[in-house]
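Asker:
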Amino acid sequence: MDSLSRRTLLKVAAAVPLALTFGLLGSPLLRFIRPTLKPLDLFGKSDQPIAEPPVPIFKDSDFPAAWTCIPFMFNQSYVEYNPEGKEVRNIPGFIVKLPNGDVVAYSRICPHLGCIFNFVKDPEECAKNYNFLPKGPVFACPCHLSVYDIADGGKVVSGPAPRPPRKFDLKKEGDSYQVLTLEAGGIA
407 MDSLSRRTLL
417 KVAAAVPLAL
427 TFGLLGSPLL
437 RFIRPTLKPL
447 DLFGKSDQPI
457 AEPPVPIFKD
467 SDFPAAWTCI
477 PFMFNQSYVE
487 YNPEGKEVRN
497 IPGFIVKLPN
507 GDVVAYSRIC
517 PHLGCIFNFV
527 KDPEECAKNY
537 NFLPKGPVFA
547 CPCHLSVYDI
557 ADGGKVVSGP
567 APRPPRKFDL
577 KKEGDSYQVL
587 TLEAGGIA
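Sequential numbering from 407 applies to the sequence shown in this note's numbering.
What follows is the structure, encoded as structure tokens:
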């Protein structure tokens, strides 16, 4: 009986540090799976960035032809531990009407190093200024000459950028487009 109780005691003594270790790993794992304002608050409000009013709204009449590109600013609110409880950042964007009639919106922040890129409609201008001759209009970054094919989902066609620029989610209601959210991510 003594050996059994000693064995049980040793098992418990070995299990307690393991249980504490896995218990302490639980909170960061849950925050990774479901980011919230407080640790272990699975049903609480998320601390992900959200759109801050007023959100940009465009009408079909704003896009008279294919490749019409309109710059805009999107206000995004981030949870911060300051007196306001948030920080609002202005994110520059472009909304473009494609030749097939689709309307898409992208952040103008280059995913390479965070420069603000341009809309270049003329392929010859792109070849002259960005060392790449595209098939049509593109986004092009003046800092390190990354070029993005708008017609192909923002695909990187030239330069050091690691991926396409982040997209905005759009909601079409009747003849208007509302910019809702920005794709998650950051620079690089």
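Just so it is clear, CB atoms sit at the ideal spot from N, CA and C, and this is done for glycine as well. Small disclaimer: the values here were computed from a predicted structure and weren't measured.
1. Ignoring anything shorter than 3 residues or poking outside the segment 490–547, list the beta strand (DSSP E) runs there in chain order.
2. Looking only at its chain, what residues have a beta carbon closer than 6 angstroms to the beta carbon of Y484, apart from the 5 residues adjacent to it on each side?
3. Between the C-alpha atoms of P460 and N481, what's the straight-line distance to the nearest angstrom?
4. Tell me whether P571 is buried or exposed, calling it buried when 16 or more other Cβ atoms sit within 10 Å of its Cβ.
5. With DSSP as the reference, please indicate the residues paired to A457 in a beta bridge.
6. DSSP on K577, reduced to helix/strand/coil?
7. Excluding the five sequence neighbours on either side, which residues of its own chain have a C-beta within less than 7 angstroms of the C-beta of L588, listed in chain order?
8. Please name the residue in A419, D508, F464 and P548 whose C-alpha comes closest to that of V566.
Answerer: In terms of the structure at hand:
1. As for any beta strand (DSSP E) of minimum length 3 sitting wholly inside the segment 490–547, the runs are 492–503, 509–513, 524–526 and 544–546, ordered along the chain.
2. P455 and E493, listed in sequence order.
3. Using only the alpha carbons, I get a separation of about 8 angstroms.
4. P571 sits buried, since 16 or more C-beta atoms from the chains shown fall within 10 Å of its C-beta.
5. Bridge partners of A457: Q482.
6. Of the three classes helix, strand and coil, the one that applies to K577 here is strand, per DSSP.
7. Counting only Cβ-Cβ distances below 7 angstroms, and skipping sequence neighbours, we find F480, Q482, I497, S513, R572 and F574.
8. Per the sequence shown, the amino acid found at residue 566 is Pro instead of Val. For the set A419, D508, F464 and P548, the Cα lying nearest the Cα of P566 is the one of P548.
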